[in-house]
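Here's the structure, in structure tokens; my notes come after.
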Amino acid sequence: MSNAIFPGSFDPPTYGHLNLIQRSAYIFEHLHVVVAINPQKRSFFSEDERIAMMQELCRDLPNVTICTWDTFVVEYARNHNIHIIIRGVRPLSDFALEFEQALYNHQLNDKVETLFMPSAGKYSILRSSALKEIALLGGDISSMAPSIVTEMMQKKMESMKNSTYDT
């Protein structure tokens, strides 16, 4: 098992994401962190912003590659001859959704297996959506996300506030 993929929207990345990336990078020779680009979804951060954050967060992990992908992650796996997808799971409700996704992925490419990695206990409640909501309501997210993320969140919110008042 030399290569694996860890896909996600990373909008924004959390300490939970970083923990799973570090643990996976320790297990596998090479880890592809795939930033999912879904034109159907409206992201808080742009593709370039998410890539920049992930590159900064993984700069000390020489066996990690950051890239984007805008279709099925199993196609990325097929194109790069990778047979393992890592998925982090938090509570049991998370597992049900991830399990279903793993079954779909296996139907799309039966050469790819999904490995579920439980979140570290202290990160088990972290969700990007909750992090955004807390930040937008003025809460402190410094214990939930690395400083580059909290700084970019602050800049993004200031920019949103300024554009609202400029009309």
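Residues in the sequence shown are numbered consecutively from 50, following the working numbering. We put the beta carbon where it would ideally sit given N, CA and C, even for glycine.
Could you work out which residue in T114, L157 and L110 is closest to R127 when comparing CA atoms only?
Among T114, L157 and L110, the Cα nearest to that of R127 is on L157.
What is the residue span of the beta strand (DSSP E) that G137 lies within?
G137 -> beta strand (DSSP E) spans I133 to V138.
Kindly identify the DSSP beta-bridge partner or partners of C107.
Answer is none; C107 lacks a bridge partner.
Using a Cβ-Cβ cut-off of 7 Å (strictly less than) and excluding sequence neighbours within five positions of F77, which residues of its own chain qualify?
These residues qualify, in order along the chain: M50, S51, N52 and A53.
Can you check whether the CB of L180 is closer than 8 Å to the CB of M201?
No, these two residues do not count as a Cβ contact at 8 Å.
Which residues share a DSSP beta bridge with L80?
Beta bridge pairing from DSSP links L80 with A53 and V113.
Ignoring anything shorter than 4 residues, give me the alpha helix (DSSP H) runs that lie fully in the segment 121-180, in order along the chain.
Here the runs fully enclosed are 122-128 and 141-157.
So which of L186, D159, T63 and I174 has the shortest CA-CA distance to L106?
Closest option to L106, Cα to Cα, is T63.
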